[in-house]
Every structure is written in structure tokens, then in C-alpha cells.
Amino acid sequence: GQNIDQPTEMTATEGAIVQINCTYQTSGFNGLFWYQQHAGEAPTFLSYNVLDGLEEKGRFSSFLSRSKGYSYLLLKELQMKDSASYLCAVRDGGGGADGLTFGKGTHLIIQP
Amino acid sequence: DAGITQSPRHKVTETGTPVTLRCHQTENHRYMYWYRQDPGHGLRLIHYSYGVKDTDKGEVSDGYSVSRSKTEDFLLTLESATSSQTSVYFCAISDGTASYGYTFGSGTRLTVV
Numbered sequence: 071g072q073n074i075d076q077p078t079e080m081t082a083t084e085g086a087i088v089q090i091n092c093t094y095q096t097s098g099f100n101g102l103f104w105y106q107q108h109a110g111e112a113p114t115f116l117s118y119n120v121l122d123g124l125e126e127k128g129r130f131s132s133f134l135s136r137s138k139g140y141s142y143l144l145l146k147e148l149q150m151k152d153s154a155s156y157l158c159a160v161r162d163g164g165g166g167a168d169g170l171t172f173g174k175g176t177h178l179i180i181q182p
Numbered sequence: 520d521a522g523i524t525q526s527p528r529h530k531v532t533e534t535g536t537p538v539t540l541r542c543h544q545t546e547n548h549r550y551m552y553w554y555r556q557d558p559g560h561g562l563r564l565i566h567y568s569y570g571v572k573d574t575d576k577g578e579v580s581d582g583y584s585v586s587r588s589k590t591e592d593f594l595l596t597l598e599s600a601t602s603s604q605t606s607v608y609f610c611a612i613s614d615g616t617a618s619y620g621y622t623f624g625s626g627t628r629l630t631v632v
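Chain order of the listed sequences is H and P.
Note that my numbering has the first sequence beginning at 71, numbered continuously upward.
Note that my numbering has the second sequence beginning at 520, numbered continuously upward.
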């Protein structure tokens, strides 16, 4: 079966750094995605990892270790607008038809 | 940049009635998906399509059917709505390339009373 785990909620301070972890056990692996979702809105794409290592994109970075079934999303220089849910998702199939399997999301609260 | 739109945005319906949600895309993407999102469950795949008239079931397909008669439109039908189908429904599209995740529509909030 598919299982993707991430913390339910995290709190961090404006200007600080936060790391959101994701572990997965899936029948296959063809990429890991991170999405941001503000309350009442659609998820929006943040990052994609398919090989081990760190991908950096501005204030956001995402790391993948396939052997450990582990990823994290690192957010730097936190801003109040970063308060949102962050969704980890795995593509376990080889083709575009296969839907992504999502974790339940991590609700990130940024405090002044 | 409304490459994907969902309608209606909100709907209240009675138990036992059929309901159809529409997803329309202007990106000419091959793959389209319907998800539902519920507290404590995250996003769960209902049905997906990999081309015109080509559809398949996802994780939570019971009570739902879909149709895709044109590349741009993917319809989700609740054959006889139940209160357990109260949810937020998201449509998503993909061009199928490995690094392309999904683009999501704005969602439909459905309440079954």
C-alpha cells in the first residue's frame, strides 16, 4: 500500500527557518512533489525531486533520500504569508496517468 | 491565467439527488484528475483520465462516475449524493512529463444535506 507521513502542524517565527519532514512507503517511486495550499485555495506546486539531493529555489529548498524514503522542505526567512498547509506527494507509477498520492499535509503557523 | 476552471464553485444539494461537477482546461493537457479533500484525509484520488473517453478509477471511486468526451472537459457525477460526499473537490491537469506535477483548479465546495 501507499503511506505518506508528515507532521500535522508546526509553528515557527517570522524570519526564522523551518524544516517540514515527509516519509513515504510506496509500491514504486517516480518523483516526490511539494505543494503549498493556503486556506480555501487550490494547492500550488513548489518543488520536485526525483534524484537524491537538494533542490534549491529561492527561499524554498527540498531534499530527497530515496534509500530512506525521506524528504524535507526547508523554508528560510519565513514570512507571514508562508502560513499555509504544505503537502508532500509521491508519484509511484511510471507514466503520467498515475495519480499522485498525497500526505495529509502539514499546517504551518508563522508567528510574529 | 485560468488554464483550468471548475464549476460550480459552491453547491448545496439534497441527499439522493444526482450532481455533476465540471472541470474545463485550456492547456490541451492529456491527463485530468478528480480529487476530494477532507480534514484528516488529505487529497484522495477519485477518478482520472488519460485521454478522451479513457478513464480509470482511483482510491475512492465508489459512488462517483466520470466522463471525458472532449480533451478540455472532465465531468464528475455523484449518481445519488450522500452526506459522506460533502467535501471540497479539486480537478487537476498534467501534461504527463516527469517533472510536471499538477495544476489544480480552484475547487468546488459541495455540501449534501
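Backbone N, C-alpha and C define an ideal beta-carbon position, used for all residues, glycine too.
Predicted model, so just to flag it, every value in this text is computed and none were measured.
Minimum Cβ-Cβ distance from P113/H to chain A less than 8 Å: Within the model displayed, chain A is absent; protein chains H and P are what it includes.
C-alpha distance - Y510/P paired with F609/P, whole-angstrom precision: It is not possible to answer for residue 510/P, since the shown part of chain P is limited to 520 through 632.
Three or more C-beta pairs below 8 Å linking the region 117-130 of chain H and the region 143-163 of chain H: yes
is_contact[F172/H, chain P] using C-beta, thresh 8 Å: By 1-based counting over the first sequence, the position of residue 172/H is 102. Judged by the 8 Å Cβ criterion, F172/H is in contact with chain P.
Reduced DSSP secondary structure (H/G/I, E/B, other) of K138/H: Your numbering for residue 138/H matches position 68 in the first sequence. Note: K138/H maps to coil in three-state DSSP.
C-beta contact flag for G535/P and S606/P at 8 Å: The residue labelled residue 535/P in the question sits at position 16 within the second sequence. The residue labelled residue 606/P in the question sits at position 87 within the second sequence. No, the pair does not count as a contact, with Cβ atoms beyond the cut-off.
Within chain H, partners of F623/P - CB distance below 7 Å: As a first step, residue 623/P is located in the second sequence; it is residue number 104 there, counting from the start. Chain H residues near F623/P: A112, P113.
Below-8 Å beta-carbon distance, G98/H vs any chain P residue: Counting from one through the first sequence, the residue named residue 98/H turns up at place 28. It does not: the Cβ of G98/H has no partner Cβ on chain P nearer than 8 Å.
Extent of the continuous beta strand (DSSP E) to which E125/H belongs: The count along the first sequence starts at 1 and reaches residue 125/H at position 55. Its beta strand (DSSP E) spans residues 123-127.
Proximal residues to L597/P (C-beta, below 7 Å), its chain only, five neighbours per side dropped: Here residue 597/P refers to the residue found at position 78 when the second sequence is read from its first residue. P537, V538, G582, Y583, Q604, listed in sequence order.
3-residue-minimum beta strand (DSSP E) runs that sit fully inside the region 546-591 of chain P, ordered along the chain: 550-557, 561-570, 573-576, 583-589
CA-to-CA distance, C92/H to G559/P, given in whole angstroms: Translated into positions along the second sequence, residue 559/P becomes position 40. Translated into positions along the first sequence, residue 92/H becomes position 22. Spanning the two alpha carbons is a distance of roughly 16 Å.
Interface positions of the region 556-576 of chain P facing chain H (Cβ-Cβ less than 8 Å), listed along the chain: G559, H560, G561, L562, R563, L564, Y567, Y569, D575
DSSP three-state assignment for Q95/H, whether helix, strand or coil: Position 25 of the first sequence, counted from the start, is the residue given in the question as residue 95/H. Strand, per DSSP.
Q72/H (DSSP reduced to helix, strand or coil): For the purposes of this step, residue 72/H is taken as the residue at position 2 of the first sequence. Coil, per DSSP.
V88/H versus A82/H: straight-line alpha-carbon distance, rounded: To locate residue 88/H, count along the first sequence from 1; it is residue 18. To locate residue 82/H, count along the first sequence from 1; it is residue 12. Taking the straight line joining both Cα atoms gives about 7 Å.
Buried or exposed by the 16-neighbour rule on C-beta atoms within 10 Å, applied to V585/P: Residue 585/P sits at position 66 when you count from the first residue of the second sequence. By the neighbour-count rule (16 or more Cβ atoms within 10 Å), V585/P is buried.
Contact list for Y118/H against chain P, beta-carbon separation under 9 Å: Here residue 118/H refers to the residue found at position 48 when the first sequence is read from its first residue. Those are A617, S618, Y619, G620, listed as they occur along chain P.
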